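Yeah, the sequence shown ends on 85 if you go by this note's numbering, and it's all consecutive.
We treat Cβ as the ideally placed atom computed from N, Cα and C, and that holds for glycine.
All figures in this text were calculated on a predicted structure; none of them were measured in a lab.
Report on the structure given below.
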Amino acid sequence: HGSLQQYVASKKVNIETCLQLSQEIGCGLQALHASGVIHGDVKFENVLIFDLGDGRVRAKLSDFGSSVINDRENRMITLTAGTPPWSSPE
-4 HGSLQQYVAS
6 KKVNIETCLQ
16 LSQEIGCGLQ
26 ALHASGVIHG
36 DVKFENVLIF
46 DLGDGRVRAK
56 LSDFGSSVIN
66 DRENRMITLT
76 AGTPPWSSPE
């Protein structure tokens, strides 16, 4: 399906699918944060949608070029700045 932006522009998405995709995105961000990674540029274009072939879709985070990583001494390592309107507050 491409990006989340393309997916929502191409069809009417029901509330169940919206909730499911939101949960998947949130779980992905939670896993990243638990690993010391802050994505830094979460936006519709950076969420990819995959068709599971049974009418369901799956969301996956992409574009980690703006990520920030905590190293072992808990220092932040910034890779790039992100997209200003969508940049995370961290």
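How should His28 be labelled, buried or exposed, when 16 other C-beta atoms within 10 angstroms of its C-beta is the threshold for buried?
Per the 10 Å Cβ criterion, exposed.
Drop a sphere of 10 angstroms on the beta-carbon of Ser61, count the other beta-carbons inside from all chains shown, and report buried for 16 or more, exposed for fewer.
Ser61 comes out buried.
Over the uninterrupted alpha helix (DSSP H) stretch that includes Leu16, give me the two end residues.
Note, Leu16: alpha helix (DSSP H), Ile10 to Ala29.
Closest to Gly(-3) by C-alpha separation, out of Leu14, Asn9 and Leu56, would be which residue?
Taking only the C-alpha atoms, the option nearest Gly(-3) is Leu56.
State the DSSP-derived secondary structure class of Ser(-2), mapped to helix, strand or coil.
In this structure, Ser(-2) counts as strand in the three-state DSSP scheme.
In three-state terms, what does DSSP make of Val3?
Of the three classes helix, strand and coil, the one that applies to Val3 here is helix, per DSSP.
So Asp58 packs on Val52, CB below 8 Å; how close in whole Å?
Rounded, the Cβ-Cβ distance is 19 Å, inconsistent with contact.
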